[in-house]
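The next block holds one structure in the form of structure tokens; read it before the comments.
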Amino acid sequence: MNTALIRMSTMDTEVGFGYEYLCFPPAGGTVLGLRGLARASSGSEVWGAEYPGRGECLALPPAGSIEELAEEIAGEALDRFGADGLSRIVLIGFSMGAFVAFEVARRVCLRGHPAPAALVVVGVCAPHRRARGSGASEVERLIERIALTRPAEYRDYVLDLLYTDLRLTRAYAATADAPLTCPILAVRGEDDLAFAGGDDALRAWRAWTSGRFECRVVPGGHLGVLTPGREAGFWTLVHEATARQGVMR
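Here is the structure:
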């Protein structure tokens, strides 16, 4: 299995924030779906992790687990950026991509390298607060999103990706060893039904790092930060939070 790390925007040294971002798509998503986010990044360098079986990796077999996927991406990221370069990159994961980003960060550390600059998790509760094998409500939310945002000719393709990824998500159960040392920013939409019971499951990400932690609620539903017109606000949130957490060097 191979993955691809794709540059989606380049840094403008006049207005850039001095560090880079590596984004991880949600279930059923591809790097292409994050292009709008990258364009709104205010001159920062943004990369995307393309999972096997889609986009530039279409001919490759899908991953067997989130852990397998993360192991592959961690190795490729270290090869491309180097350990020092990766320590200045913020990982941003959307829904399922948050678990992939989290596992990538842990694998970098387990190899004896510094942690990434920070981890941003969007639209997903902490690993230990989700029931293994669950996901019916997540399927409904994501299918609704796909129906609203994808042309009919692409819908079957995206739904196939979605069901493949949800199989990985349902089987995922993070181990309690090796918490991170980098800051974590956890974000969710105020109308996200996954958090109808409150923010305890989002705040629970605090247990997965010995570094600083911040939790924020933003307008919109599940992954509403990717809605056209809201991307710039998301970057403002990320830049402000990472600055407060001392990520800028």
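With full-length UniProt numbering applied, the sequence shown covers 1 to 249. For each residue, glycine too, the CB sits at the ideal point set by N, CA and C. What you are looking at is a predicted structure, and each value in this text was computed from that prediction instead of being measured.
According to DSSP, which residues form a beta bridge with residue i?
i       : result
Cys-31  : Reading the sequence as shown, one finds Val at residue 31 and not Cys. For Val-31, which the question treats as bridged, DSSP gives no partner whatsoever.
Tyr-207 : Looking at the sequence provided, one finds Ala at residue 207 rather than Tyr. According to DSSP, Ala-207 bridges with nothing at all.
Ala-118 : Val-90
Arg-129 : Partner(s): none; Arg-129 has no beta bridge.
Gly-224 : DSSP output for Gly-224 lists no bridge partner at all.
Leu-180 : Thr-209
With respect to the alpha helix (DSSP H) encompassing residue i, which residues constitute its N-terminal and C-terminal limits?
i       : result
Cys-109 : 96-110
Trp-235 : 231-244
Measure the CB-CB distance between residue i and residue j and report whether it falls below 8 Å.
i       : j       : result
Ser-87  : Ala-118 : no
Arg-216 : Gly-224 : no
Glu-68  : Ala-4   : no
Phe-81  : Ile-89  : yes
Arg-106 : Glu-71  : no
Val-158 : Gly-28  : yes
Leu-180 : Gly-211 : yes
Glu-45  : Glu-20  : yes
Asp-24  : Ile-92  : In the sequence as displayed, the identity of residue 24 is Phe instead of Asp. Yes, these two residues count as a Cβ contact at 8 Å.
Leu-37  : Ala-77  : no
Ala-74  : Ala-207 : no
Glu-214 : Ala-241 : yes
Ala-40  : Ala-243 : no
Alpha carbons only, please: which of the options is nearest the one belonging to residue i?
i       : options                               : result
Asp-177 : Thr-169, Thr-209 and Asp-156          : Thr-209
Arg-203 : Leu-166, Ala-171, Arg-167 and Val-122 : Val-122
Asp-79  : His-113, Pro-61, Val-100 and Gly-64   : His-113
Asp-165 : Gly-75, Ser-44 and Phe-99             : Phe-99
Gly-221 : Ile-92, Ala-171, Gly-189 and Gly-198  : Gly-189
Pro-52  : Arg-130, Ala-38, Leu-162 and Pro-183  : Leu-162
Pro-62  : Leu-168, Trp-205, Ala-232 and Leu-193 : Leu-168
Arg-130 : Gly-48, Asp-200 and Leu-34            : Asp-200
Gly-48  : Ile-6, Arg-39 and Cys-109             : Ile-6
Gly-64  : Ser-95, Tyr-172, Thr-227 and Pro-228  : Tyr-172
Ala-194 : Ser-95, Ser-9 and Val-31              : Ser-95
Val-238 : Ser-42, Arg-170 and Asp-192           : Ser-42
Thr-236 : Gly-198, Asp-192 and Val-187          : Val-187
Leu-34  : Gly-97, Thr-175 and Pro-183           : Gly-97
Could you give the first and the last residue of the continuous beta strand (DSSP E) run that contains residue i?
i           : result
residue 255 : In this structure the chain extends from 1 to 249, so residue 255 is not present and cannot be described.
Arg-7       : 4-9
Ala-186     : 184-189
Phe-213     : 213-218
Complete runs of the alpha helix (DSSP H) confined to the region 44-99 [at least 4 residues]: 66-86
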